[in-house]
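Engineer: My questions will all concern the structure given below.
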Amino acid sequence: MLAAAESDKSAASHAYRHDSDEADDYPCVDNDSCLPNVSRNEEDESLGDIFRQEFGLLLRAVKYVLLQWIETPRKIGIIIYVEFMRLTEFWLGWPVRERSWNFHFPTRDEL
Numbered sequence: 039m040l041a042a043a044e045s046d047k048s049a050a051s052h053a054y055r056h057d058s059d060e061a062d063d064y065p066c067v068d069n070d071s072c073l074p075n076v077s078r079n080e081e082d083e084s085l086g087d088i089f090r091q092e093f094g095l096l097l098r099a100v101k102y103v104l105l106q107w108i109e110t111p112r113k114i115g116i117i118i119y120v121e122f123m124r125l126t127e128f129w130l131g132w133p134v135r136e137r138s139w140n141f142h143f144p145t146r147d148e149l
């Protein structure tokens with residue numbers, strides 16, 4: 039009974055382990071080489087400098103979000119137009135062009 043419980047624990051621990059070929063797909067998981075080289079709270083930085091840096095990051099994030107919301111109606115209009123043209127081409131029997139738009143999440147640099 040005890041041996042069966044230990045084998046279940048070892049099987050469960052193997053289920054969550056990454057194989058070496060899977061680890062190659064994610065090179066930044068185990069090391070910090072992919073993280074940006076950012077040092078915080080240096081000895082010569084004052085509280086005002088730190089506040090200005092953080093406030094600047096906050097303003098960049100707010101600006102990004104607001105710009106995306108402002109651009110949304112235009113993007114929706116373009117998508118509707120392109121999809122209507124594709125539908126028209128399909129209905130007429132013409133070759134349908136590829137989509138010129140796609141959805142994607144913002145990258146770390148955009149944030």
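The numbering used here puts the first residue of the sequence shown at 39, with every later residue one more than the last. Cβ coordinates follow ideal geometry from the N, Cα and C atoms, glycine included. For clarity, every value in this text was computed on a predicted model and none was experimentally measured.
Rounded to whole angstroms, what is the Cα-Cα separation between valine 100 and tryptophan 107?
Structural biologist: Cα-Cα distance, rounded: 11 Å.
Engineer: Does the count of Cβ pairs from the region 134-144 and the region 106-123 closer than 8 Å reach three?
Structural biologist: In short, these stretches touch, since the Cβ pair count reaches three.
Engineer: DSSP three-state call for tryptophan 139: helix, strand or coil?
Structural biologist: Three-state DSSP puts tryptophan 139 in coil, outside helix and strand.
Engineer: Quick one, are the C-beta atoms of phenylalanine 143 and valine 134 less than 7 Å apart?
Structural biologist: For phenylalanine 143 and valine 134, no; Cβs fall outside 7 Å.
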